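Colleague: Below is the structure I would like to discuss, written out as structure tokens.
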Amino acid sequence: MKIRAIALNTFKEAVRNKIFYLLIFFGVFFSFSSKLISMLTIGDTLKILKDVGFASINLFSVLIAIFTGINLVYKEIEKKTVYFILSKPVERRDFILGKFLGLALTMFVALTIMISVFSIFILLLSGTFDPFILLYFIFLFTELLIIISISILFSSFSTPILSSIFTIVLYLIGHVIWTFNEFKYKLINPIEKFFAYFIYYLFPNLEKFNIKGALVMNDPISIKIILSSLAYGIFYISAILLISIHIFKRREF
Amino acid sequence: MNALEIKALSKSFRSNFLYKKTSILKNVDINVNKGSIYGFLGLNGAGKTTTIKCILGLTRPDHGTIRLFGKETGKASDRASIGFLPESPYYYDYLNAKETLALSGKLSSLSNEKIKERTAKIISLVGLDGKEDLLLKKFSKGMLQRVGLAQALINDPDLIILDEPFSGLDPIGRKELRDIILSLKAEGKTIFFSSHILQDMELIVDDIGILMNGKITKEGKLKDLVKKTIKHPVDYSLEDLFLKEIKK
Amino acid sequence: MKKNTYLLFSLIFFLLIGFSQYTYDLNTDYFKKRNTFLALPSGKTMRILSFGNSELVADFIYIWSIQFFSNYNILNSKQFIEDIYNLITDISPRYKDPYLMGSTIMAIEMNNIEMAVRLLQKGSKNMEDEWIFDFESGYYTSKYLKNYKLAEKFYKKASKKKGAPDFISRLLYHSIYMQGKLEESLALYQSVLKSASTEMEKHSANLHLYQIKFEIDKRKVKSAIDLFFKRYGFYPDNINELVTYRLLEEVPKDFKGHYYNYDQKKGTIDPREGYMWKK
Ligand SMILES: Nc1ncnc2c1ncn2[C@@H]1O[C@H](COP(=O)(O)OP(=O)(O)OP(=O)(O)O)[C@@H](O)[C@H]1O
Ligand SMILES: [Mg+2]
């Protein structure tokens, strides 16, 4: 009940901010601009259309996640509105969870708008609807939730600039860390090996939520991979949120 | 039984990793009688807000115990019987007054009907009729102070803690606030508030505590304290007492 | 203990994370051979999109292309090679390396000489005072296509450009020689010999001249002997007979003034000096 109130309030804050609409607008706008870009090539224009569209949805939803994630948590502390909540009979745990759920709801709405507009756009242009787009939605949403939880973690103890930098860096690392698999066999020194594996397992492996390529190329994705990726996402979010709660509980205002 | 009982409360801050801690509160003892109005005095930076944050669990004290209505605090649910008005208006400026009260009520686990009922009552109590749907962004400082008071009262608390409630209010507003505080007292509530506006305080408080150099140097009934030090009974006021206390 | 409950739980989740990542990796082939698809915008579009940093964009695409073509997990990477290098050279027409790198991959790895030459000729057109593109074109066409006529054209173009090294003219003469234009080639090498300044150059010109002269003589003698054979049904006993029967004007001598050896069984002549111009 209290978590819900905090979540809804967070959502309200996000949607009453113009930047939220601006980012959604840009996401939609750039996914439309894929039509323009696709006109410049010869051959499979639908492929280009989807590539550019999904990429812009990705980019702008990640921007929304990082922006709102950091802004909305840190702002509470910075503007001391957190006093308002924490002076009520509210557990600090509930504050973190409420924030997370509110941001999740925000992302859900933003993503729904962008993806459904783009799907309709594709439908009008090509006359086809690819149900795999739902899978894209779920995967991207999971990735965004991981980003949100990370931004909550950082803003629970750091400043917004640093938090944004940390979150963006972690996002970038998350998309390249899979390349570790290419050289892990070359590690011999046990200490190096330990650290390399430690980092590999510690950082979020976000590339597994990137199914844009498979989606556009119509590559099959096995159920096993889908479930394992989603489970990974849930585990990761839980772990990060638990650490955030741990830190936030200790925090003094 | 005391509404609020603070024993040997200590708190020190480290403003930087490199500096050593500075003690802000050193064994503070406060006793607030149930159903009374308690005025909490101290210079800027004396530690009044820090004390209040400790009561609310926003800050963890180094030592000491805090009892609310005889029960030691520590859990979030203990705050259910407290209403708190923060020093500066820290509210969500994208909400309107009604939404702020609704949120406040929900965070205090009130039902929707209860929230509706209390909101109507409190909005008129604090004098915000007709302003319910205006976003807080567009509120003046005094109006925000009223919203703050309203959100503190939404859960019908037994102990009301007000940090500098008179700041930012015009004379009429101050008068209204004094009346509200007195009416709350009449309902049997306990009010604990800090203020620098001693004239207002003097008019309503039963007890006072003066925080100096991290300690409570004077605590007791206003009447007794002011009388005890009396030389010229006519014009000896709380202000005189306070100034004398500071000079020591 | 109770203080760190949340931390403890998060540790448990991290173990789960590690476990799920581990099983995921077991089921994922990161080195899978795969096909890819590339759709490239036009050079003009890229130049617009680079917002004034077209050289930088060209650099990046060039660097990327090297990685792309050296990644053997992408099975069909070669399919895009011409488009990619055309794109790079459209964005930055006077950037030398991509022409050379691209044509090398095309020629050596893909054996597609026509494609390589197309790219090189684009470079030659875009950088008119650069000899290397025509030189490379000539090299590929003569070495792999054995199209000496085309090679002659390229070498000729290259040799006329500023800064073109001398060996190009020699390659040019070689391509002329390889086309069987022996008299022309003889004249060219004689001029080389005349202008030669070092012993080595002279020696090399002499060898060429020796060979060319031999080939010319061999051709002459052969046609005379064939005529002889047609008339009399056997090969002449020696070359002098050919002169006697007025099939040859004189007995040919090699470049050094010696007579050739005559093989009566085959009806051919051979140089005395041995095959020193061949490996
Ligand atoms: N988080 C903190 N870190 C370091 N020092 C702090 C912190 N919070 C408060 N202080 C210090 O503690 C002292 C007491 O501050 P506090 O806000 O409690 O004073 P106050 O009595 O409320 O003053 P005022 O009348 O101005 O409101 C101040 O000197 C302040 O600098
Ligand atoms: Mg204060």
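Protein chains in written order, with the numbering used here: chain A, 1 to 253; chain B, 1001 to 1248; chain C, 2001 to 2279. Glycine included, C-beta positions come from ideal geometry on N, C-alpha and C. Nothing here was measured: the structure is a model prediction, and the numbers come from that model.
1. Whole angstroms are fine: how far does the CA of GLY1173/B sit from the CA of THR1223/B?
2. Thinking C-alpha only, which one of LYS2156/C, PHE2060/C, ILE2113/C is nearest SER2092/C?
3. Give me the Cα-Cα distance between LYS2278/C and GLY2043/C, rounded to the nearest whole angstrom.
4. Determine the DSSP secondary structure at GLY1042/B, reduced to helix, strand or coil.
5. Give the DSSP-derived three-state secondary structure of VAL1028/B in the structure shown.
6. Near TYR2099/C, what residues of its chain come up, given a Cβ to Cβ distance below 8 Å and the 5 sequence neighbours on each side ignored?
7. Going by DSSP in three states, PHE1013/B sits in which element: helix, strand or coil?
8. Are the Cβ atoms of LYS1071/B and SER1194/B separated by less than 7 Å?
9. If you measure from the CB of GLY1047/B, is any heavy atom of ligand 1 nearer than 6 Å?
10. According to a CB-to-CB cut-off of less than 7 Å, which residues of the region 231-243 of chain A neighbour chain C?
11. Are the CB atoms of ALA1150/B and LEU1103/B within a distance shorter than 7 Å?
12. For the region 1174-1243 of chain B, list the alpha helix (DSSP H) runs that are entirely contained and at least 4 residues long, ordered along the chain.
13. Taking only the alpha-carbon atoms, compute the straight-line gap between LEU170/A and LYS2161/C and give it to the nearest angstrom.
14. Checking contacts by CB at 7 Å: is ILE2017/C closer than that to chain A?
15. Please list the partners that ALA1076/B has in chain A, where partner means a Cβ-to-Cβ separation under 7 Å.
16. Is there a C-beta anywhere in chain A that falls below 7 Å from the one on PHE2014/C?
17. Going by C-alpha to C-alpha distance, which of ASP1200/B, LYS1244/B, LEU1162/B, HIS1196/B sits closest to PRO1086/B?
18. Helix, strand or coil for LYS2253/C? Go by DSSP, reduced to three states.
19. As an exercise, report each continuous alpha helix (DSSP H) stretch of at least 4 residues that is fully enclosed by the region 5-64 of chain A, in chain order.
20. Rounded to whole angstroms, how far is the Cβ of ILE147/A from the Cβ of GLY69/A, which I believe are closer than 8 Å?
21. Could you tell me which whole alpha helix (DSSP H) segments of length 4 or greater appear in the region 141-187 of chain A?
22. Under 7 Å, do PRO2236/C and LEU2227/C count as touching if we go by C-beta distance?
23. Can you tell me which of the three DSSP states ILE247/A falls into?
24. Under 7 Å, Cβ to Cβ, is there at least one residue of chain B near ARG16/A?
25. Taking only three categories from DSSP, how would you classify HIS1063/B?
26. Bridge partners for LYS1007/B per DSSP, in chain order?
27. How many angstroms separate the CA atom of GLY102/A from the CA atom of ILE152/A?
28. Cβ of THR1059/B less than 7 Å from any chain A Cβ?
29. Does the distance from the CB of ILE2216/C to the CB of LEU2182/C come in under 7 Å?
30. Would you decide whether PRO1171/B is buried or exposed? Buried here means 16 or more other CB atoms lie within 10 Å of its CB.
31. Is it right to say THR2198/C is buried, meaning 16 or more other beta carbons lie within 10 angstroms of its own, or is it exposed?
32. Inspect the beta-carbon positions of ILE6/A and GLY127/A and report whether they are closer than 7 Å.
33. Any heavy atom of ligand 1 closer than 6 Å to the CB of PHE1013/B?
34. Under 7 Å, Cβ to Cβ, is there at least one residue of chain A near LEU2087/C?
35. Compute the minimum distance between the beta carbon of GLU1087/B and the heavy atoms of ligand 2, and state whether it is under 6 Å.
36. So, using beta-carbon positions, are PHE1007/B and THR1051/B closer together than 7 Å?
Modeller: Quick answer:
1. Note on residue identity: the sequence assigns Lys, not Thr, to residue 1223/B. LYS1223/B and GLY1173/B: Cα-Cα distance of roughly 26 Å.
2. Nearest in C-alpha terms to SER2092/C, of all of LYS2156/C, PHE2060/C, ILE2113/C, is PHE2060/C.
3. Residue placement at LYS2278/C is poorly supported in this model, since its pLDDT is 44, which falls under 50; the coordinates still yield a value, given next. Rounded to whole angstroms, LYS2278/C to GLY2043/C spans 48 Å at the Cα level.
4. Here GLY1042/B sits in strand by DSSP.
5. strand
6. TYR2085, THR2089, LEU2119, LEU2120, LYS2122, GLY2123, PHE2133
7. In the structure shown, PHE1013/B adopts extended strand secondary structure according to DSSP, grouped into three states.
8. no
9. GLY1047/B Cβ: within cutoff of ligand 1.
10. ALA231, TYR232, PHE235, TYR236, SER238, ALA239, LEU242, ILE243
11. no
12. 1198-1204, 1222-1228
13. Their Cα atoms are separated by approximately 54 Å.
14. yes
15. Per Cβ cutoff of 7 Å: PRO89, VAL90, GLU91.
16. By this cut-off, PHE2014/C is an interface position.
17. LEU1162/B
18. strand
19. 18-38
20. 7 Å
21. 160-176, 180-183
22. Contact flag unset, no.
23. helix
24. yes
25. strand
26. THR1065/B
27. Straight through space, the alpha carbons of ILE152/A and GLY102/A are spaced by roughly 12 Å.
28. yes
29. yes
30. exposed
31. exposed
32. no
33. yes
34. no
35. True, at least one ligand heavy atom lies under 6 Å from that Cβ.
36. At residue 1007/B the sequence reads Lys, which differs from the Phe that was named. Cβ distance not < 7 Å, so LYS1007/B and THR1051/B don't count as in contact.
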